[in-house]
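Listed in order, the protein sequences are those of chains A and B. Per this note's numbering: the first sequence = residues 1 to 288. Per this note's numbering: the second sequence = residues 1001 to 1242. Note that CB positions come from ideal geometry on N, CA and C, so glycine has one too. Let me begin by presenting the structure, written as structure tokens, before commenting on it.
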Amino acid sequence: MHDLLIAPFADYAFMRKALIGAIAVALGAAPIGAFLILRRMSLTGDAIAHGILPGAAVGYLLAGLSLTAMTLGGLVAGMAVALGAAAVSRRTAQREDASLAAFTLISLAAGVMLVSLRGSSLDLLHFLFGSVLALPDDALVLLAAIATVTLLAFALLFRLFVTDALDPSFLRRVGPRTGLVHYAFLALAVLNLIAGFHALGTLMAVGIMILPAAAARFWTRSVGAVVVVAVVIAVLSCATGLILAFHLDLQPSATMILCSGVAYVVSLLAGREGSVMARRRLPSGVPA
Amino acid sequence: MNDAPRITIRNLALGYGGRPVVEQLDWDIAPGSLTAIIGANGSGKSTLLRAVAGELRPLAGAIDGLDGTVTSYLPQDAGIDRAFPISVADLAAMGLWRKVGAFGRIGRHWSGELERALGLVGLSGAARLPIATLSGGQFQRVLFARLILEDADLILLDEPFAAVDRETTADLVGLVRQWAAEGRTVVVALHDLDQVRQHFPETLRLAGGRGVQGATAQILSVLGAAGVSTAPAGQLRGGAVA
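Below, the structure written as structure tokens:
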């Protein structure tokens, strides 16, 4: 047991750092994911995650593999996609799912093209799948800072976030300047997807956000519990995925996401609320 | 609650994308009055309520008397995700927002008010239930509990009984009358003319973009004289008055 669970972290500093980085990402991303799902905005999360790629790529073209440049580039591009996708669906006849898919695809293609302008295919893999096993110390500090800011914001603004997700037009009526809450939430989503981008890469970042939260939805009846269960699933998936990747020599970010994928499928089948089995126990026709 | 407002509407034009739905509307809402808005589908009932609620800017004209007024507004479709993981009590407690805010504690006093409001809508035992388990009528009761807690001077309701059972309608109509009796100003868009006749002393009838206001008996008798059938179902049909 010691060899299986403890030794990888006791023996290798890069594994300890990977674990800390992944847990930091999980702590911040899972609550954001829970609210993205409650707001039916999972696709927006996906679009923002991909939108970060060309921004980070521009930072990379200008300054190489600099944490600051890639983070700032990703921040600008991520916010642009977050605000742009909403504006497109507001001002055109096209539904949001189509505009989000368009943004996602354009961003991915632009990002891959930009990185390939200068980088090797190794750099490209780094962008797409992250480098959780080679996180520099300044990146760890950034991930921990983003997780801290996120958790503080949730502790402080929880009632605002819940009300804004449930009945935004009511909130606008009763609370002055509450329109800002939505932007604060989007900004947190972008920050956490940047954290996810550094650790897990563009393609996997949104996975640690959405999958644990989607799984948590099958176990609980209150928003607070959804957030807590999502965080627990995200942290366990990261730890398990890292250990599996170490022992079986697997790609780490994909393994972590697959672990939360397993949690999702198990929850979908056997969860207490609205899962396949929970619905079977109900007489037919009654919504869970 | 403050004093109920006297609302004066003059030469009001409302619409979307510059196309007017309501034009040259004059309407006086007396403090503490209980008014029904009637009219065919598309006559502008919801549009007018949205404008009074402050959610739609008039194309022309003015709505005066809303300064300092606490207004609550229940749209026909509140757009609330019924699968959202929240309890009856937590949804109703949103009505305390103006008093408690984003950060205040819901202490003993407000918990008591919350319990009282749930009792008034007949949901005393249901406080901890998730809203996903409620029927349409029960869900509307929760929204009425939220309205009670808002403690507004002006209450605007858009077809609040459209999707609820008969018993719930009777209970909720009782609450609406109670609000008016407490001196609040209440305006309700409705299509059931029997309900209007029974419970609402004042009526504003919208047709062809214009409005006529008066005592309910008078407005409905004009409708009857114009050959618009109100019996037996008491429904004001789309084509009949357009």
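C-beta neighbour in chain B for F170 of chain A, strict 9 Å: Here the question's residue 170 of chain A lines up with position 170 in the first sequence. For F170 of chain A, the answer is yes, since a Cβ of chain B falls inside 9 Å of its Cβ.
Proximal chain B residues relative to S222 of chain A, where beta-carbon distance stays under 9 Å: Residue mapping note: residue 222 of chain A aligns to position 222 of the first sequence, counting from 1. By Cβ distance, chain B contributes P1085, I1086, S1087, D1090 and P1130.
4-residue-minimum alpha helix (DSSP H) runs that sit fully inside the region 35-74 of chain A, ordered along the chain: 42-63
Residue-chain proximity (I1155 of chain B, chain A), Cβ-Cβ < 9 Å: Taking the first residue of the second sequence as position 1, residue 1155 of chain B is located at position 155. Answer no: the Cβ-Cβ gap between I1155 of chain B and chain A never drops below 9 Å.
For Y12 of chain A, the first and last residue of its enclosing alpha helix (DSSP H): Against the first sequence, residue 12 of chain A aligns to sequence position 12. Where Y12 of chain A is concerned, there is no enclosing alpha helix (DSSP H), given that its DSSP letter is neither H nor E.
Beta-carbon proximity list for V1100 of chain B, same chain, < 7 Å, skipping 5 on both sides: Position 100 of the second sequence holds residue 1100 of chain B. For V1100 of chain B, where only same-chain residues beyond five positions count, the Cβ hits under 7 Å are I1106 and W1110.
Same chain, Cβ closer than 8 Å to A1171 of chain B, neighbours up to 5 away in sequence not counted: Against the second sequence, residue 1171 of chain B aligns to sequence position 171. The sequence given here places Asp at residue 1171 of chain B; Ala does not occur at that position. Answer for D1171 of chain B: V1121, G1122 and R1141, listed in chain order.
Distance CB(V1070 of chain B)-CB(D1158 of chain B) smaller than 9 Å: Residue mapping note: residue 1070 of chain B aligns to position 70 of the second sequence, counting from 1. Residue mapping note: residue 1158 of chain B aligns to position 158 of the second sequence, counting from 1. No, the Cβ-Cβ distance between V1070 of chain B and D1158 of chain B is not below 9 Å.
Straight-line Cα distance separating S89 of chain A from S121 of chain A: As a position in the first sequence, residue 121 of chain A is number 121, starting the count at 1. As a position in the first sequence, residue 89 of chain A is number 89, starting the count at 1. When rounded, the distance between both Cα atoms is 35 Å.
Through-space distance from P1075 of chain B to W1114 of chain B, alpha-carbon basis: On the second sequence, residue 1114 of chain B is found 114 positions in, with the first residue counted as 1. On the second sequence, residue 1075 of chain B is found 75 positions in, with the first residue counted as 1. Sequence inspection shows Leu at residue 1114 of chain B; the Trp mentioned does not correspond to that position. Near 22 Å, if we compare the C-alpha coordinates of P1075 of chain B and L1114 of chain B.
DSSP bridge partner residues for A278 of chain A (one or two, in chain order): Within the first sequence, numbered from 1, the residue matching residue 278 of chain A stands at position 278. In the DSSP output, where bridge partners are listed per residue, A278 of chain A has none listed.
Local Cβ density within 10 Å of F1103 of chain B, reported as buried at 16 or more and exposed below that: Position 103 of the second sequence holds residue 1103 of chain B. Burial call: exposed.
For T1169 of chain B, the nearest candidate out of B:F1144, B:N1011, B:L1034 and B:L1134 (CA to CA): Taking the second sequence and counting its residues from 1, the one referred to as residue 1169 of chain B is at position 169. Among B:F1144, B:N1011, B:L1034 and B:L1134, the Cα nearest to that of T1169 of chain B belongs to B:F1144.
Top-ranked residue by Cα proximity to R1006 of chain B, from B:L1048, B:D1028 and B:V1021: Looking up residue 1006 of chain B in the second sequence gives position 6. For R1006 of chain B, the nearest C-alpha among the options comes from B:D1028.
Local Cβ density within 10 Å of G1 of chain A, reported as buried at 16 or more and exposed below that: Position 1 of the first sequence holds residue 1 of chain A. The amino acid occupying residue 1 of chain A in the given sequence is Met; Gly does not appear at that position. Exposed: under 16 other Cβ atoms inside 10 Å.
First and last residue of the uninterrupted alpha helix (DSSP H) at G968 of chain B: Nothing can be reported for residue 968 of chain B: it is not among the residues displayed for chain B, which extend from 1001 to 1242.
Rounded separation between I1219 of chain B and S169 of chain A - CA only: Along the second sequence, one-based indexing puts residue 1219 of chain B at 219. Along the first sequence, one-based indexing puts residue 169 of chain A at 169. Rounded to the nearest angstrom, the two C-alpha atoms are 33 Å apart.
is_contact[A1053 of chain B, chain A] using C-beta, thresh 9 Å: For this step, residue 1053 of chain B is matched to residue 53 along the second sequence. It does; some Cβ of chain A falls within 9 Å.
Beta-carbon spacing of R177 of chain A, E1055 of chain B below 9 Å: Working through the first sequence from its first residue, we reach residue 177 of chain A at position 177. Working through the second sequence from its first residue, we reach residue 1055 of chain B at position 55. No, the pair does not count as a contact, with Cβ atoms beyond the cut-off.
is_contact[R272 of chain A, chain B] using C-beta, thresh 9 Å: Within the first sequence, the letter at position 272 stands for residue 272 of chain A. With 9 Å as the cut-off, R272 of chain A does not count as an interface residue toward chain B.
Sequence-distant residues of its chain with Cβ nearer than 8 Å to A1231 of chain B (five each side left out): Position 231 of the second sequence, counted from the first residue, corresponds to residue 1231 of chain B. For A1231 of chain B, the predicted model reports a pLDDT of 44, less than 50, meaning its position is unreliable; a value from the coordinates is still stated below. Answer for A1231 of chain B: no residue qualifies.
Any C-beta of chain A under 9 Å from that of A1078 of chain B: Locating residue 1078 of chain B in the second sequence gives position 78, counting from the first residue. Chain A, which has a Cβ nearer than 9 Å to the Cβ of A1078 of chain B, makes this yes.
Euclidean distance between Cα positions of I233 of chain A and M1094 of chain B: If you number the first sequence from 1, residue 233 of chain A lands on position 233. If you number the second sequence from 1, residue 1094 of chain B lands on position 94. Computed Cα separation, rounded: 30 Å.
Segment limits, beta strand (DSSP E) that includes P1031 of chain B: Taking the first residue of the second sequence as 1, we reach residue 1031 of chain B at position 31. Counting along the chain, P1031 of chain B falls outside any beta strand (DSSP E), and DSSP gives it neither H nor E.
DSSP bridge partner residues for Q1213 of chain B (one or two, in chain order): Taking the first residue of the second sequence as 1, we reach residue 1213 of chain B at position 213. The partner list for Q1213 of chain B (beta bridge, DSSP) reads B:L1204.
Nonlocal neighbours in the same chain, by C-beta distance under 8 Å from I1086 of chain B, ignoring five residues either side: Taking the first residue of the second sequence as 1, we reach residue 1086 of chain B at position 86. Same-chain partners within the cutoff: P1130 and I1131.
Contact with chain A by P1075 of chain B, beta-carbon distance below 9 Å: Working through the second sequence from its first residue, we reach residue 1075 of chain B at position 75. P1075 of chain B has a beta carbon lying within less than 9 Å of a beta carbon in chain A.
Bridge-paired residues (DSSP) for V1188 of chain B: On the second sequence, residue 1188 of chain B is found 188 positions in, with the first residue counted as 1. DSSP lists B:A1036 and B:L1157 as partners of V1188 of chain B.
Among B:I1009, B:R1184 and B:A1040, the one whose alpha carbon lies nearest that of L1034 of chain B: Within the second sequence, residue 1034 of chain B is the residue found at index 34, counting from 1. When B:I1009, B:R1184 and B:A1040 are compared, the shortest CA-CA separation from L1034 of chain B is found for B:R1184.
Contact with chain A by G1122 of chain B, beta-carbon distance below 9 Å: As a working note, residue 1122 of chain B is residue 122 in the second sequence. Chain A, which has no Cβ nearer than 9 Å to the Cβ of G1122 of chain B, makes this no.
Residue nearest to L108 of chain A in terms of C-alpha spacing, selected from A:G74, A:F154 and A:R272: For the purposes of this step, residue 108 of chain A is taken as residue 108 along the first sequence, with counting starting at 1. Cα-wise, what sits closest to L108 of chain A is A:G74.
Cβ-Cβ separation, L1149 of chain B to A1092 of chain B (assumed contact under 8 Å), whole Å: Looking up residue 1092 of chain B in the second sequence gives position 92. Looking up residue 1149 of chain B in the second sequence gives position 149. By a beta-carbon distance limit of 8 Å, A1092 of chain B contacts L1149 of chain B. Their separation comes to about 6 Å.
Option in B:D1090, B:Y1073 and B:A1062 with minimal Cα separation from D1026 of chain B: Here residue 1026 of chain B corresponds to residue number 26 of the second sequence, with the count starting at 1. D1026 of chain B has its Cα closest to that of B:A1062, out of B:D1090, B:Y1073 and B:A1062.
Supposed close pair L1193 of chain B, G1044 of chain B - CB separation, criterion 8 Å: As a working note, residue 1193 of chain B is residue 193 in the second sequence. As a working note, residue 1044 of chain B is residue 44 in the second sequence. Their Cβ separation, rounded to whole angstroms, is 18 Å, which puts L1193 of chain B and G1044 of chain B out of contact at 8 Å.
Cβ-Cβ distance between F103 of chain A and V81 of chain A below 9 Å: As a position in the first sequence, residue 103 of chain A is number 103, starting the count at 1. As a position in the first sequence, residue 81 of chain A is number 81, starting the count at 1. Yes, Cβ-Cβ distance for F103 of chain A and V81 of chain A is below 9 Å.
Boundaries (first-last residue) of the alpha helix (DSSP H) holding T1008 of chain B: Here residue 1008 of chain B refers to the residue found at position 8 when the second sequence is read from its first residue. Premise fails: T1008 of chain B lies in the beta strand (DSSP E), I1007 to Y1016, not in any alpha helix (DSSP H).
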